[in-house]
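Q: Line order of the protein sequences matches chains A and B.
The opening position of the first sequence corresponds to residue 21 in our numbering, with each subsequent residue numbered one higher.
The opening position of the second sequence corresponds to residue 21 in our numbering, with each subsequent residue numbered one higher.
Protein chains: 2
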Amino acid sequence: RMEEHENYFNREVFNRMSEKRPDRKWLEAKQSSPDTVFILFFNLNPLVSASEESNTAHPGIKLCRLDASSVNKELLQKSGTTVIFLGVEKQRSSSSSPPNEGNEPTAWFALNTDDNPMNHLQLTNPNSFFLKPPMPGLLKLSEAEAGIIAQASSVLAWHNRYSFCPTCGSNTNVEEGGYKRTCFNKDCRSRQGIHNTCYPRVDPVVIMLVIHPDGNQCLLGRKKTFPAGMFSCLAGFIEPGEAIEDAVRRETEEESGVKVGPVQYVSCQPWPMPSSLMIGCLAVAMSTDIKVDEKEIEEARWFTRQQVIDVIVKGTKPAFTMPPRQAIAHQLVKHWIGMSSNL
Amino acid sequence: RMEEHENYFNREVFNRMSEKRPDRKWLEAKQSSPDTVFILFFNLNPLVSASEESNTAHPGIKLCRLDASSVNKELLQKSGTTVIFLGVEKQRSSSSSPPNEGNEPTAWFALNTDDNPMNHLQLTNPNSFFLKPPMPGLLKLSEAEAGIIAQASSVLAWHNRYSFCPTCGSNTNVEEGGYKRTCFNKDCRSRQGIHNTCYPRVDPVVIMLVIHPDGNQCLLGRKKTFPAGMFSCLAGFIEPGEAIEDAVRRETEEESGVKVGPVQYVSCQPWPMPSSLMIGCLAVAMSTDIKVDEKEIEEARWFTRQQVIDVIVKGTKPAFTMPPRQAIAHQLVKHWIGMSSNL
Ligand SMILES: Nc1ncnc2c1ncn2[C@@H]1O[C@H](COP(=O)(O)O)[C@@H](O)[C@H]1O
Ligand SMILES: Nc1ncnc2c1ncn2[C@@H]1O[C@H](COP(=O)(O)O)[C@@H](O)[C@H]1O
Ligand SMILES: [Mg+2]
Ligand SMILES: [Mg+2]
Ligand SMILES: [Mg+2]
Ligand SMILES: [Mg+2]
Ligand SMILES: [Mg+2]
Ligand SMILES: [Mg+2]
Ligand SMILES: [Zn+2]
Ligand SMILES: [Zn+2]
Numbered sequence: 021r022m023e024e025h026e027n028y029f030n031r032e033v034f035n036r037m038s039e040k041r042p043d044r045k046w047l048e049a050k051q052s053s054p055d056t057v058f059i060l061f062f063n064l065n066p067l068v069s070a071s072e073e074s075n076t077a078h079p080g081i082k083l084c085r086l087d088a089s090s091v092n093k094e095l096l097q098k099s100g101t102t103v104i105f106l107g108v109e110k111q112r113s114s115s116s117s118p119p120n121e122g123n124e125p126t127a128w129f130a131l132n133t134d135d136n137p138m139n140h141l142q143l144t145n146p147n148s149f150f151l152k153p154p155m156p157g158l159l160k161l162s163e164a165e166a167g168i169i170a171q172a173s174s175v176l177a178w179h180n181r182y183s184f185c186p187t188c189g190s191n192t193n194v195e196e197g198g199y200k201r202t203c204f205n206k207d208c209r210s211r212q213g214i215h216n217t218c219y220p221r222v223d224p225v226v227i228m229l230v231i232h233p234d235g236n237q238c239l240l241g242r243k244k245t246f247p248a249g250m251f252s253c254l255a256g257f258i259e260p261g262e263a264i265e266d267a268v269r270r271e272t273e274e275e276s277g278v279k280v281g282p283v284q285y286v287s288c289q290p291w292p293m294p295s296s297l298m299i300g301c302l303a304v305a306m307s308t309d310i311k312v313d314e315k316e317i318e319e320a321r322w323f324t325r326q327q328v329i330d331v332i333v334k335g336t337k338p339a340f341t342m343p344p345r346q347a348i349a350h351q352l353v354k355h356w357i358g359m360s361s362n363l
Numbered sequence: 021r022m023e024e025h026e027n028y029f030n031r032e033v034f035n036r037m038s039e040k041r042p043d044r045k046w047l048e049a050k051q052s053s054p055d056t057v058f059i060l061f062f063n064l065n066p067l068v069s070a071s072e073e074s075n076t077a078h079p080g081i082k083l084c085r086l087d088a089s090s091v092n093k094e095l096l097q098k099s100g101t102t103v104i105f106l107g108v109e110k111q112r113s114s115s116s117s118p119p120n121e122g123n124e125p126t127a128w129f130a131l132n133t134d135d136n137p138m139n140h141l142q143l144t145n146p147n148s149f150f151l152k153p154p155m156p157g158l159l160k161l162s163e164a165e166a167g168i169i170a171q172a173s174s175v176l177a178w179h180n181r182y183s184f185c186p187t188c189g190s191n192t193n194v195e196e197g198g199y200k201r202t203c204f205n206k207d208c209r210s211r212q213g214i215h216n217t218c219y220p221r222v223d224p225v226v227i228m229l230v231i232h233p234d235g236n237q238c239l240l241g242r243k244k245t246f247p248a249g250m251f252s253c254l255a256g257f258i259e260p261g262e263a264i265e266d267a268v269r270r271e272t273e274e275e276s277g278v279k280v281g282p283v284q285y286v287s288c289q290p291w292p293m294p295s296s297l298m299i300g301c302l303a304v305a306m307s308t309d310i311k312v313d314e315k316e317i318e319e320a321r322w323f324t325r326q327q328v329i330d331v332i333v334k335g336t337k338p339a340f341t342m343p344p345r346q347a348i349a350h351q352l353v354k355h356w357i358g359m360s361s362n363l
């Protein structure tokens with residue numbers, strides 16, 4: 021009953037230690053500690069390298085981990101550079117890094133720059149490159165590194181788009197280890213009381229597998245931008261003043277014309293492009309006629325349980341495709357086919 | 021299993037008709053239709069009146085509903101005025117408004133102004149007033165009107181704080197019936213592709229009732245700002261790159277020092293101050309020692325099932341108080357005490 025799904029991008033590798041974010045001295049000390057790890061982004065694209073063994077157990081791409089000595093002080097202080105504190109490792113990994121003096125857990129930072137950092141860096145790995153554009157390479161990380169990217173990419177994307185105060189248009193200053201931006205204008209309303217304008221943005225999205233009233237079919241749709249033959253769950257942004265369950269009903273009806281009754285939460289997934297939180301639900305249809313919203317959806321169809329089993333489990337010559345296992349849409353379908361049949 | 025909780029602020033009275041938002045002609049026609057209802061805000065405070073019967077079935081305050089003829093064209097077009105389209109009534113209410121010609125459902129708009137609208141309005145109800153500050157008056161609306169306020173207040177609060185483009189600092193223009201703001205600067209990156217900067221913000225928050233490993237106690241805390249004697253569920257903003265369940269674990273440990281294992285979603289509630297989505301969960305504690313984060317929490321304690329029953333159900337001379345039924349914290353506690361005992 022309380023079983024929890026771990027989706028790709030969900031893994032929390034760090035203790036985020038938010039209580040240390042206001043402590044500039046502590047952060048500065050950590051930034052120059054030899055044990056600290058930096059990950060690097062150039063225009064929001066992470067520095068990675070191909071991992072030696074590229075099979076499913078060892079995914080194809082890994083983050084480059086830099087240490088304080090290879091991150092130039094000049095680069096750290098440039099105006100186009102943003103540094104954020106990610107946290108400290110929850111458990112000391114036994115092999116990946118040597119234990120440090122005080123036996124304190126290793127701190128991690130992420131750095132984004134708009135100036136080619138190759139000019140400032142001494143890279144140990146000559147095969148490293150900036151992953152650009154992030155998809156689908158971003159889905160080739162290990163589970164742990166996907167969790168790190170989920171946090172780092174979304175906070176950095178926020179800095180990249182929210183450098184001006186939305187309340188008065190002034191410039192803002194990065195504070196609290198990268199989790200706050202404060203308006204430079206002393207008279208700005210954003211400096212009185214607490215409001216969301218100073219904090220990173222997370223956009224809640226519903227993503228739903230809608231089940232036919234007969235219990236044996238599910239509703240999948242295609243956006244125009246999908247690769248040919250691919251179908252996925254319907255999804256949409258939760259609007260202000262709306263509950264999760266109502267957003268599921270509204271978006272399903274908008275996109276497919278199908279009316280939905282009961283809705284059940286299954287699991288969620290941070291989606292760092294740029295900073296969504298996908299809230300995955302099962303939903304029961306109360307009607308079956310399909311009429312797609314042609315602005316967003318090219319086609320929506322009912323698929324039988326057997327058809328999705330063929331794609332998800334067997335994968336041999338399927339009549340259509342679905343997103344890969346790293347996408348919560350895939351996991352929702354898998355959850356549904358596992359609910360009432362034994363595979 | 022698929023039972024759904026309806027919390028205060030959750031009721032969806034309208035079909036939001038998002039497909040009509042880009043249709044300026046349609047919106048303008050609706051704005052001057054005699055059947056249309058306007059609700060009015062002055063500096064984000066809604067115009068209300070005391071309802072005649074003030075008992076629990078008929079709560080104490082109701083929204084003033086204005087028609088197109090009493091909303092001055094001048095007021096509609098002032099620079100400090102924002103008008104948003106709320107939607108059309110889902111079902112024709114049989115009594116509240118006379119049926120209109122084409123039998124089209126009644127459209128609703130919300131208007132916020134920074135200039136005292138009493139100068140521009142002919143008010144039919146002389147006992148109307150602007151509800152200021154919104155709490156706790158906002159909790160005295162009917163369920164239906166609370167749903168309307170949830171939508172209207174949060175979209176209007178967004179306009180009030182986000183009138184400048186966060187990407188370049190330029191002014192922005194209201195579009196799509198009040199659900200989009202577009203940067204005036206033609207060269208701005210916010211005008212290429214789709215990003216969240218142009219859309220209303222919703223902040224997902226976790227709120228959790230943490231259950232003691234013995235199953236018979238729950239963890240409640242007090243913020244310094246709470247009324248004396250009041251305790252509530254712990255809560256906190258979901259951070260970028262974080263799943264709901266991990267946010268529950270992180271915030272509980274930050275605020276109380278208690279470690280949490282399994283987490284189960286129960287229900288959610290839009291909280292329009294300014295625009296949060298409270299995601300309510302039950303969580304099972306894996307440790308019991310309490311160490312509060314003194315910046316945020318004044319005190320946290322384990323309360324027995326009987327103690328919370330005394331407050332929530334009996335209410336006679338309780339040793340402490342809890343938020344009222346309109347708050348999801350109250351409903352989470354009620355859900356827990358209802359789960360395994362028959363009241
Ligand atoms: N926070 C947001 N970020 C990006 N697009 C949004 C957002 N909120 C609303 N939209 C709009 O929603 C469309 C996607 O539709 P949907 O995902 O079905 O809600 C986008 O093309 C935008 O027009
Ligand atoms: N979106 C947001 N809106 C308001 N405050 C935020 C937000 N995100 C983080 N915070 C910070 O979180 C504090 C409240 O703590 P909590 O609700 O426990 O996360 C506020 O005082 C702010 O410093
Ligand atoms: Mg969609
Ligand atoms: Mg939408
Ligand atoms: Mg949609
Ligand atoms: Mg917090
Ligand atoms: Mg809190
Ligand atoms: Mg907190
Ligand atoms: Zn400002
Ligand atoms: Zn701009």
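By construction, the Cβ of each residue, glycine as well, lies at the ideal position given by its N, Cα and C atoms.
Scan the segment 249 to 316 of chain A and note each continuous beta strand (DSSP E) run of 3 residues or more that stays entirely inside, going in chain order.
A: You should have 254 to 257, 280 to 291 and 296 to 305.
Q: Which of helix, strand or coil does DSSP assign to A:Ala-347?
A: Start at 1 with the first residue of the first sequence, and residue 347 of chain A comes out as number 327. Here A:Ala-347 sits in coil by DSSP.
Q: What does B:Ala-170 reach in chain A if we use C-beta pairs closer than 7 Å?
A: In the second sequence, the residue the question calls residue 170 of chain B occupies position 150. Those within 7 Å of B:Ala-170 in chain A are Gly-261.
Q: With a cut-off of 8 Å, do at least 3 Cβ pairs link the segment 225 to 233 of chain B to the segment 263 to 270 of chain B?
A: Segments in contact, yes.
Q: Starting from the N-terminal side, write out each stretch of the beta strand (DSSP E) that is 3 residues or longer and does not extend beyond the segment 168 to 225 of chain B.
A: Complete beta strand (DSSP E) runs here, min 3: 192 to 195 and 200 to 203.
Q: Expressed to the nearest angstrom, what Euclidean distance is found between the alpha-carbon atoms of B:Gly-241 and B:Gly-107?
A: Looking up residue 241 of chain B in the second sequence gives position 221. Looking up residue 107 of chain B in the second sequence gives position 87. Between B:Gly-241 and B:Gly-107, the C-alpha separation is close to 39 Å.
Q: Does the segment 22 to 39 of chain A come within contact of the segment 91 to 107 of chain A, defined as at least 3 CB pairs closer than 8 Å?
A: In short, these stretches touch, since the Cβ pair count reaches three.
Q: For the beta strand (DSSP E) containing A:Leu-109, name the first residue and the last one.
A: The residue you call residue 109 of chain A lines up with position 89 of the first sequence. Reading the sequence as shown, one finds Glu at residue 109 of chain A and not Leu. Segment 101 to 109, the beta strand (DSSP E) holding A:Glu-109.
Q: Determine, for A:Arg-211, whether the minimum Cβ-Cβ distance to residues of chain B falls below 7 Å.
A: Counted from its first residue, the first sequence places residue 211 of chain A at position 191. By this cut-off, A:Arg-211 is not an interface position.
Q: Mapping the DSSP letters down to three states, classify B:Asn-364 as helix, strand or coil.
A: Nothing in the structure corresponds to residue 364 of chain B, since chain B is present only between 21 and 363.
Q: With hydrogens ignored, establish whether the beta-carbon of B:Glu-259 is closer than 6 Å to any heavy atom of ligand 8.
A: Stepping through the second sequence from its first residue, residue 259 of chain B is reached at position 239. Every heavy atom of ligand 8 is 6 Å or more from the Cβ of B:Glu-259, so no.
Q: Hey, does A:Thr-133 have any beta-carbon neighbour from chain B nearer than 7 Å?
A: Translated into positions along the first sequence, residue 133 of chain A becomes position 113. Not one chain B Cβ lies under 7 Å of A:Thr-133.
Q: Measuring straight from C-alpha to C-alpha, what distance separates A:Ala-349 and A:Ser-174?
A: Counting from one through the first sequence, the residue named residue 349 of chain A turns up at place 329. Counting from one through the first sequence, the residue named residue 174 of chain A turns up at place 154. For A:Ala-349 and A:Ser-174, the distance between alpha carbons rounds to 20 Å.
Q: Hey, how far is the Cα of A:Ala-305 from the Cα of B:Asn-27?
A: Along the first sequence, one-based indexing puts residue 305 of chain A at 285. Along the second sequence, one-based indexing puts residue 27 of chain B at 7. Each residue's alpha carbon lies about 23 Å from the other.
Q: A:Cys-188: beta carbon under 6 Å from a heavy atom of ligand 9?
A: Translated into positions along the first sequence, residue 188 of chain A becomes position 168. Correct: A:Cys-188 has its Cβ closer than 6 Å to ligand 9.
Q: B:Ser-307: buried (16+ other C-beta within 10 angstroms of its C-beta) or exposed?
A: Position 287 of the second sequence holds residue 307 of chain B. So B:Ser-307 counts as exposed.
Q: Would you check if there are 3 or more beta carbon pairs closer than 8 Å linking the segment 207 to 221 of chain B to the segment 180 to 189 of chain B?
A: Yes, since at least three Cβ pairs between the segment 207 to 221 of chain B and the segment 180 to 189 of chain B fall closer than 8 Å, the two stretches touch.
Q: Once DSSP output is grouped into helix, strand and coil, what is the label at A:Glu-318?
A: Translated into the one-based positions of the first sequence, residue 318 of chain A becomes position 298. The answer is strand: DSSP assigns A:Glu-318 an E or B state.
Q: For B:Ser-113, which three-state DSSP category applies?
A: As a working note, residue 113 of chain B is residue 93 in the second sequence. Residue confidence for B:Ser-113 is low, a pLDDT of 49 falling below 50, so the modelled location carries little weight and cannot support an answer.
Q: Please tell me whether, using a cut-off of 6 Å, the distance from the CB of A:Gly-241 to the nearest non-hydrogen atom of ligand 4 is below it.
A: For the purposes of this step, residue 241 of chain A is taken as the residue at position 221 of the first sequence. Because no heavy atom of ligand 4 lies under 6 Å away, the Cβ of A:Gly-241 does not count as near it: no.
Q: Among the candidates B:Gly-198, B:Asp-313, B:Gly-335 and B:Pro-338, whose CA atom is the shortest distance from the CA of B:Thr-101?
A: Numbered from its first residue, the second sequence carries residue 101 of chain B at position 81. The shortest Cα separation from B:Thr-101 among B:Gly-198, B:Asp-313, B:Gly-335 and B:Pro-338 belongs to B:Gly-198.
Q: Check whether the Cβ of A:Gly-235 lies closer than 6 Å to any heavy atom of ligand 6, and answer yes or no.
A: On the first sequence, position 215 is the one that residue 235 of chain A refers to. For ligand 6, not one heavy atom lies less than 6 Å from the Cβ of A:Gly-235.
Q: Taking the alpha-carbon of B:Leu-352 as reference, which of B:Ile-329, B:Ala-339, B:Ser-287 and B:Gly-335 has the nearest alpha-carbon?
A: Locating residue 352 of chain B in the second sequence gives position 332, where the first residue counts as 1. Residue B:Ser-287 is the option with its Cα nearest to B:Leu-352.
Q: Does the beta-carbon of B:Met-298 have 16 or more other beta-carbons within 10 angstroms, so that it is buried, or is it exposed?
A: Position 278 of the second sequence, counted from the start, is the residue given in the question as residue 298 of chain B. It counts as buried.
Q: Mapping DSSP to helix, strand and coil, what is A:Val-331?
A: Residue 331 of chain A sits at position 311 when you count from the first residue of the first sequence. A:Val-331: helix per DSSP, three-state reduction.
Q: Compute the distance between the beta-carbons of B:Asp-313 and B:Glu-259, then report whether it is under 7 Å.
A: Taking the second sequence and counting its residues from 1, the one referred to as residue 313 of chain B is at position 293. Taking the second sequence and counting its residues from 1, the one referred to as residue 259 of chain B is at position 239. No.
Q: Can you tell me whether A:Gln-237 is helix, strand or coil according to DSSP?
A: As a position in the first sequence, residue 237 of chain A is number 217, starting the count at 1. In this structure, A:Gln-237 counts as strand in the three-state DSSP scheme.
Q: Quick check on A:Ala-127: buried or exposed, where buried means 16 or more other Cβ atoms within 10 Å of its Cβ?
A: Taking the first sequence and counting its residues from 1, one reaches residue 127 of chain A at position 107. Answer is buried; the Cβ neighbour count reaches 16.
Q: Are A:Phe-58 and A:Phe-150 close, meaning C-beta to C-beta below 7 Å?
A: On the first sequence, residue 58 of chain A is found 38 positions in, with the first residue counted as 1. On the first sequence, residue 150 of chain A is found 130 positions in, with the first residue counted as 1. No, they are not a contact pair.
Q: Where DSSP assigns a beta bridge to A:Asn-65, which residues make up the other side?
A: Residue mapping note: residue 65 of chain A aligns to position 45 of the first sequence, counting from 1. Answer is A:Phe-62.
Q: Classify A:Val-91 as helix, strand or coil using the three-state DSSP reduction.
A: Counted from its first residue, the first sequence places residue 91 of chain A at position 71. In the structure shown, A:Val-91 sits in coil (DSSP, three-state: anything other than H, G, I, E or B).
Q: Could you check whether the segment 131 to 147 of chain B touches the segment 156 to 164 of chain B, counting it as contact only if at least three pairs of C-beta atoms, one from each stretch, sit closer than 8 Å?
A: Not touching, per the Cβ criterion.
Q: Against chain A, with Cβ distances strictly below 7 Å, would B:Ser-252 count as a contact?
A: Along the second sequence, one-based indexing puts residue 252 of chain B at 232. It does not; no Cβ of chain A falls within 7 Å.
Q: Should B:Gly-213 be listed as close to ligand 3, given that the test is whether its C-beta is under 6 Å from any heavy atom?
A: Along the second sequence, one-based indexing puts residue 213 of chain B at 193. B:Gly-213: no, Cβ never under 6 Å from ligand 3.
Q: Is there a Cβ of chain B sitting closer than 7 Å to that of A:Pro-153, yes or no?
A: Indexing the first sequence from 1 puts residue 153 of chain A at position 133. It does not: the Cβ of A:Pro-153 has no partner Cβ on chain B nearer than 7 Å.
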